[in-house]
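Q:
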Amino acid sequence: MTPPTPAPPPARRRRRPAVRPDGTAPRLTRRRGETRARLLEAAFRVFAAKGFGRVRIEDVCEAAGYTRGAFYSNFGSLDELFFALYDERADLIADQVAAALAVEDGAGPGGADPDGPPIQAVIERVTATLLLDRDWLLVKTDFLLHAARDRAVAERLAAHRDRLRAAVEQRLHAAREWLTLPSAIGDVPGAARAVVAAYDGVATQLLLDGDLPAARAWLTRLLTALLTR
1180 MTPPTPAPPP
1190 ARRRRRPAVR
1200 PDGTAPRLTR
1210 RRGETRARLL
1220 EAAFRVFAAK
1230 GFGRVRIEDV
1240 CEAAGYTRGA
1250 FYSNFGSLDE
1260 LFFALYDERA
1270 DLIADQVAAA
1280 LAVEDGAGPG
1290 GADPDGPPIQ
1300 AVIERVTATL
1310 LLDRDWLLVK
1320 TDFLLHAARD
1330 RAVAERLAAH
1340 RDRLRAAVEQ
1350 RLHAAREWLT
1360 LPSAIGDVPG
1370 AARAVVAAYD
1380 GVATQLLLDG
1390 DLPAARAWLT
1400 RLLTALLTR
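Basically my numbering = 1-based index in the sequence shown + 1179.
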């Protein structure tokens, strides 16, 4: 008796590449956008809990409730996923600075008074709303150490930081009429670098002592010293 012919193995589903052959990203459908958002949210939680260097793709997939295929249809690596997270935070910080330094129709930073509010009030508004999240600082610090040991990753991270600095510089330029920069700072590009450095320093303090009110108070003092004579 001839044994039955074994059934052919099920066809493997082709993995959708994270980028097209021409280097552009695939079209972001609503469903795919939701998947991407859930992966980013899950990755943030897992990175903060375990540390970037201890997380595997499987950990992110499990936390998000997806398969590796869903991961690779959105991201090519954990590094790429991190950069997507970093972009989100950088955009948020830039938006917060923009809101605090908003200049509309030739008015001052507050928009209503032609002379604008005192720069001290603007600085206090910035520090009151600026993102200072300890979990994000844990994730960012872990990744910074990772990037310090990998030149290619370090260059990509530097490019992302340049975007944040450029956004801050743009807003400072818009409020230049109301700034009185110390001679040691020099020009607006120098002020933007100093603002980002001050934010990084205060973030490190917050990471160590967990005292958010103290961190905001120190950031207010630093920005006052950097942006006023």
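The beta-carbon is built from N, C-alpha and C at its ideal position, and this holds for glycine as well.
Note down the Cα distance separating Ala-1263 from Gln-1299, rounded to an integer number of angstroms.
A: Straight-line Cα distance between these residues: approximately 34 Å.
Q: So, at 6 Å on beta carbons, what are the nonlocal neighbours of Arg-1400 in its own chain, with the 5 sequence-adjacent residues on each side left out?
A: none
Q: Are there 16 or more other CB atoms within 10 angstroms of the CB of Leu-1324, so buried, or fewer, so exposed?
A: Exposed, since its Cβ has fewer than 16 Cβ neighbours within 10 Å.
Q: Buried or exposed for Lys-1229, please, with buried defined as at least 16 other CB atoms from any protein chain shown within 10 angstroms of its CB.
A: exposed
Q: Have a look at Phe-1226, Gly-1232 and Asp-1312 and flag the residue whose alpha-carbon is nearest the alpha-carbon of Arg-1328.
A: Comparing alpha-carbon positions, the option among Phe-1226, Gly-1232 and Asp-1312 lying closest to Arg-1328 turns out to be Gly-1232.
Q: Quick test of the definition: if touching needs 3 or more C-beta pairs under 8 Å, does the stretch 1248-1265 touch the stretch 1211-1226?
A: Taking a cut-off of 8 Å for Cβ pairs, the stretch 1248-1265 and the stretch 1211-1226 touch, as three or more such pairs fall below it.
Q: Would you call the stretch 1219-1226 in contact with the stretch 1234-1245, where contact means no fewer than 3 C-beta pairs closer than 8 Å?
A: Output reads yes: the stretch 1234-1245 touches the stretch 1219-1226.
Q: For Leu-1387, count neighbouring C-beta atoms within 10 Å of its own C-beta (all shown protein chains included) and say buried if the count is 16 or more, exposed if not.
A: exposed
Q: Flag this pair as yes or no: are the beta carbons of Ile-1236 and Leu-1257 separated by less than 8 Å?
A: yes
Q: Tell me whether the stretch 1340-1356 and the stretch 1370-1380 touch, counting them as touching only if at least three CB pairs, one residue from each stretch, are closer than 8 Å.
A: yes
Q: Give the single residue among Asp-1266, Leu-1360, Thr-1320 and Glu-1220 whose Cα lies nearest to the Cα of Gly-1380.
A: Thr-1320
Q: For Thr-1306, count the other beta carbons within 10 Å of its own beta carbon; 16 or more makes it buried, fewer makes it exposed. Which is it?
A: buried
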